[in-house]
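Engineer: After the structure tokens below, expect a handful of questions from me.
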Amino acid sequence: MAAPAKATTRRSRPACKYGKTCYRQNPQHQRDYSHPDEDKNDDEPELNEGGSDDVAKQKKQRKTIQDFFNPSHNDRTKANKCDPEQSPPSKKMKTDSLDDTAQNEAEVEDESAKPSPVQQDNDDAPLSENGANDVSTEAPVYPDDVRECIKETFLLEMPEDFYQFWDFCKQCNKLDPRSALKKSLNLCLSGPFDILSGRHKLVTKNKRGKRPNFLLHQRFYYDPPEFQTVLTSNRDDKFHIGYFDDPKEMPVFMASSTPGSTSSPKEKLVQCGDNIFAAALLNLFFHIDQPFFSPQHTCITGLKIGKGGIEQLIQSIEKEANKLNLSLAPVTKSMKERQKKVNCPTFHGAGMVVPVDANEVGYRPVPETQKDLKAMLKRIAEGETEAKREEASEALQEIITFVQFANDECDYGEGLELGLCLFSYGSKELHPQISFLLPLAYQLLNRSEFQKIIEAHLKCRHEIGESVDELLV
Numbered sequence: 001m002a003a004p005a006k007a008t009t010r011r012s013r014p015a016c017k018y019g020k021t022c023y024r025q026n027p028q029h030q031r032d033y034s035h036p037d038e039d040k041n042d043d044e045p046e047l048n049e050g051g052s053d054d055v056a057k058q059k060k061q062r063k064t065i066q067d068f069f070n071p072s073h074n075d076r077t078k079a080n081k082c083d084p085e086q087s088p089p090s091k092k093m094k095t096d097s098l099d100d101t102a103q104n105e106a107e108v109e110d111e112s113a114k115p116s117p118v119q120q121d122n123d124d125a126p127l128s129e130n131g132a133n134d135v136s137t138e139a140p141v142y143p144d145d146v147r148e149c150i151k152e153t154f155l156l157e158m159p160e161d162f163y164q165f166w167d168f169c170k171q172c173n174k175l176d177p178r179s180a181l182k183k184s185l186n187l188c189l190s191g192p193f194d195i196l197s198g199r200h201k202l203v204t205k206n207k208r209g210k211r212p213n214f215l216l217h218q219r220f221y222y223d224p225p226e227f228q229t230v231l232t233s234n235r236d237d238k239f240h241i242g243y244f245d246d247p248k249e250m251p252v253f254m255a256s257s258t259p260g261s262t263s264s265p266k267e268k269l270v271q272c273g274d275n276i277f278a279a280a281l282l283n284l285f286f287h288i289d290q291p292f293f294s295p296q297h298t299c300i301t302g303l304k305i306g307k308g309g310i311e312q313l314i315q316s317i318e319k320e321a322n323k324l325n326l327s328l329a330p331v332t333k334s335m336k337e338r339q340k341k342v343n344c345p346t347f348h349g350a351g352m353v354v355p356v357d358a359n360e361v362g363y364r365p366v367p368e369t370q371k372d373l374k375a376m377l378k379r380i381a382e383g384e385t386e387a388k389r390e391e392a393s394e395a396l397q398e399i400i401t402f403v404q405f406a407n408d409e410c411d412y413g414e415g416l417e418l419g420l421c422l423f424s425y426g427s428k429e430l431h432p433q434i435s436f437l438l439p440l441a442y443q444l445l446n447r448s449e450f451q452k453i454i455e456a457h458l459k460c461r462h463e464i465g466e467s468v469d470e471l472l473v
């Protein structure tokens, strides 16, 4: 008769002090410390090959730290129900509308499950011999209405000045409106403008052999989910302009970014008016006011164009904006009103806005100054050895634990602030923490569109020198 299976337990490792909230995936950390879910399974007998099949089927599957990064909907819902008994007594609690919160989460999940008429890139699809995804070669089906198509592909609605600027560029260059600013500003209309031009209909597979993913189209390395590029250049610093969007509202202002800059912070967003006419005009003024400007060329574009040509374009933009009753001021009343609502500036400088109720529930600041947080992240990202990076992660892990407490008390803004700061710092060493913080924060804040964008971006975050044009073939 075969000997009965031996039951063994392992209790030699000390418990990780962060317990379930530990995010570390370092194999050495997993070997050195035990975690709650792991210990629960360690109590169960481990069967050798001669053990009973029935018992083996009843054995619970061991959870890993990766499971913590992808909590089930039930886990999220449970975390979202603010339990006053588990919260520090010093904080006022938001105890009403909890059922509505759970219902909203269910609606978000149901909405994300609905099939989109536009198929996005699937990085998990099987790879063919040339490394490309084996997706259908048939052209994607797009909505006929361009506004609906932009909403389905980019997950946002564009403001009216966006469409008015397209009409203006068609007057400037009937054959190729996308290049209307090419000679004067070295700028090309891109992003959602590619839907208006019909460029998207010509591409079944891009140069990577995949379906175009419009959530990644013209999304540069440091672009947060709230930022949507609409004007791009071929400058070395990757200068581009886009709309900055607050949830449930039309985009609130325009901003420019230079992720390839060697003289200014790569993550910074510089505000430039509240509509695209103002943004274009401000950049024209920048060109013409430079002391190195000559009648034959601008230093920035290197393209032959007379000074009179730029002045004429300035006059045309001013005339069109006045006709449309659009402000050309770099800072407008609506931008000032938003600034009053900003909870914190974040690393990119455009600021973050989350709702805060009468009981001051909704946001609490990250317990570190920006300077100290950047120093902390530098030690993690640039540590000489894995051991040093692991040691430097202790302080960040403690802040992430504070975010868990804040989420329990419905102060979802702290997790969003920390996640955005880590994203703007730019190190891929921080992607595991960002992947935990930002999608969850956007979900808790009912910003499902931004959740989808950040998940896609982290999965395929192109380096600064790489092309971000999903329609190149």
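If you number the sequence shown the way full-length UniProt numbering does, the last residue is 473 and the count never jumps. Glycine included, C-beta positions come from ideal geometry on N, C-alpha and C.
For a test of the three-state rule: what should DSSP assign to residue 349, helix, strand or coil?
Structural biologist: Mapped onto the sequence shown, residue 349 falls at position 349. The answer is coil: DSSP assigns residue 349 none of H, G, I, E or B.
Engineer: Starting from the C-beta of residue 259, find all residues in its chain whose C-beta is less than 6 Å away, skip the five residues before and the five after it, and write them out in chain order.
Structural biologist: Taking the first residue of the sequence shown as 1, we reach residue 259 at position 259. Excluding positions up to five away in sequence, the list reads 220, 221, 222, 238, 266 and 464.
Engineer: Among the candidates 269, 252 and 171, whose CA atom is the shortest distance from the CA of residue 334?
Structural biologist: The count along the sequence shown starts at 1 and reaches residue 334 at position 334. Among 269, 252 and 171, the Cα nearest to that of residue 334 belongs to 252.
Engineer: Would you mind stating whether residue 192 and residue 158 have Cβ atoms separated by less than 8 Å?
Structural biologist: Looking up residue 192 in the sequence shown gives position 192. Looking up residue 158 in the sequence shown gives position 158. In contact: residue 192 and residue 158 (Cβ atoms closer than 8 Å).
Engineer: Does the beta-carbon of residue 226 have 16 or more other beta-carbons within 10 angstroms, so that it is buried, or is it exposed?
Structural biologist: For the purposes of this step, residue 226 is identified with residue 226 of the sequence shown, where counting begins at 1. The residue in question, residue 226, is buried, as its Cβ has 16 or more Cβ neighbours within 10 Å.
Engineer: When DSSP labels each residue in this structure, what does residue 114 get in the three-state scheme?
Structural biologist: Counted from its first residue, the sequence shown places residue 114 at position 114. Note that residue 114 scores a pLDDT of 44, beneath 50, so its modelled location is shaky and nothing firm can be said.
Engineer: Where does residue 358 fall in DSSP's three states?
Structural biologist: Numbered from its first residue, the sequence shown carries residue 358 at position 358. Residue state, collapsed to three classes: coil.
Engineer: When the Cα atoms are used, what is the spatial distance from residue 118 to residue 140?
Structural biologist: Residue 118 sits at position 118 when you count from the first residue of the sequence shown. Residue 140 sits at position 140 when you count from the first residue of the sequence shown. Residue placement at residue 118 is poorly supported in this model, since its pLDDT is 47, which falls under 50; the coordinates are not used for a value here.
Engineer: Note down the Cα distance separating residue 203 from residue 472, rounded to an integer number of angstroms.
Structural biologist: Against the sequence shown, residue 203 aligns to sequence position 203. Against the sequence shown, residue 472 aligns to sequence position 472. Their backbone Cα atoms lie some 8 Å apart in a straight line.
Engineer: Hey, would you say residue 190 sits closer than 8 Å to residue 153, going by beta carbons?
Structural biologist: As a position in the sequence shown, residue 190 is number 190, starting the count at 1. As a position in the sequence shown, residue 153 is number 153, starting the count at 1. Their beta carbons are not under 8 Å apart, which means residue 190 does not touch residue 153 by this criterion.
Engineer: Should residue 282 and residue 272 be called a contact, given that it needs their Cβ atoms to be closer than 8 Å?
Structural biologist: For the purposes of this step, residue 282 is taken as the residue at position 282 of the sequence shown. For the purposes of this step, residue 272 is taken as the residue at position 272 of the sequence shown. Yes, these two residues count as a Cβ contact at 8 Å.
Engineer: Below 8 Å on the Cβ atoms is my contact criterion, and I expect residue 352 with residue 366 to pass it. Report the Cβ-Cβ distance as a whole number of Å.
Structural biologist: As a first step, residue 352 must be located in the sequence shown, where it is residue number 352. As a first step, residue 366 must be located in the sequence shown, where it is residue number 366. Going by Cβ atoms, the distance from residue 352 to residue 366 rounds to 11 Å, so no, they are not a contact pair.
Engineer: Roughly how far, in whole angstroms, is the beta-carbon of residue 474 from the beta-carbon of residue 458, given that I think they are within contact range, below 8 Å?
Structural biologist: Past the boundaries of the shown model lies residue 474; the chain is included only from 1 to 473, so the question cannot be answered.
Engineer: Touch check for the stretch 402 to 413 and the stretch 370 to 387: three-plus C-beta pairs under 8 Å?
Structural biologist: Taking 8 Å as the limit for Cβ pairs, the verdict is that the stretch 370 to 387 does not touch the stretch 402 to 413.
Engineer: Considering only their Cβ atoms, is the gap separating residue 164 from residue 328 smaller than 8 Å?
Structural biologist: On the sequence shown, position 328 is the one that residue 328 refers to. On the sequence shown, position 164 is the one that residue 164 refers to. In this structure, residue 164 does not lie closer than 8 Å to residue 328 by Cβ.
Engineer: Which residues in the same chain have their Cβ closer than 6 Å to the Cβ of residue 427, if we skip the five residues on either side of it in sequence?
Structural biologist: For this step, residue 427 is matched to residue 427 along the sequence shown. Excluding sequence neighbours, residue 427 sits near 381.
Engineer: Once the 5 residues before and after residue 242 are set aside, which same chain residues still bring their CB inside 6 Å of it?
Structural biologist: Start at 1 with the first residue of the sequence shown, and residue 242 comes out as number 242. Within the same chain, residue 242 has close Cβ partners 227, 228, 229 and 230.
Engineer: In this structure, how does DSSP classify residue 185 when only helix, strand and coil are distinguished?
Structural biologist: Position 185 of the sequence shown, counted from the start, is the residue given in the question as residue 185. Helix.
Engineer: Confirm, please, whether the CB-CB distance from residue 354 to residue 412 is below 8 Å.
Structural biologist: One-based indexing of the sequence shown puts residue 412 at position 412. One-based indexing of the sequence shown puts residue 354 at position 354. Contact flag set, yes.
Engineer: Secondary structure at residue 241, three-state DSSP: helix, strand or coil?
Structural biologist: Locating residue 241 in the sequence shown gives position 241, where the first residue counts as 1. Three-state DSSP puts residue 241 in a strand.
Engineer: With DSSP run on the structure shown, which of helix, strand or coil describes residue 197?
Structural biologist: By one-based count along the sequence shown, residue 197 stands at place 197. Three-state result, residue 197: helix.
Engineer: Closest to residue 345 by C-alpha separation, out of 420, 362 and 310, would be which residue?
Structural biologist: To locate residue 345, count along the sequence shown from 1; it is residue 345. Comparing Cα positions, the closest option is 420.
Engineer: So the candidates are 372, 332, 364 and 361; which of them puts its Cα closest to the Cα of residue 347?
Structural biologist: By one-based count along the sequence shown, residue 347 stands at place 347. That would be 372, whose Cα lies nearest to the Cα of residue 347.
Engineer: Which of the three DSSP states, helix, strand or coil, is assigned to residue 332?
Structural biologist: If you number the sequence shown from 1, residue 332 lands on position 332. Three-state result, residue 332: coil.
Engineer: Report the CB separation of residue 470 from residue 206 in whole angstroms; it is logged as a contact under 8 Å.
Structural biologist: Walking along the sequence shown from the start, residue 470 turns up at place 470. Walking along the sequence shown from the start, residue 206 turns up at place 206. Their Cβ separation, rounded to whole angstroms, is 5 Å, which keeps residue 470 and residue 206 in contact under 8 Å.
Engineer: Taking all protein chains shown into account, decide if residue 215 is buried (16 or more other Cβ within 10 angstroms of its Cβ) or exposed.
Structural biologist: Mapped onto the sequence shown, residue 215 falls at position 215. Flag for residue 215 reads buried.
Engineer: Threshold first: 3 residues or longer. Then list the beta strand (DSSP E) segments lying entirely within the stretch 200 to 267, N to C.
Structural biologist: 227 to 232, 240 to 244 and 253 to 257, all fully within the stretch 200 to 267.
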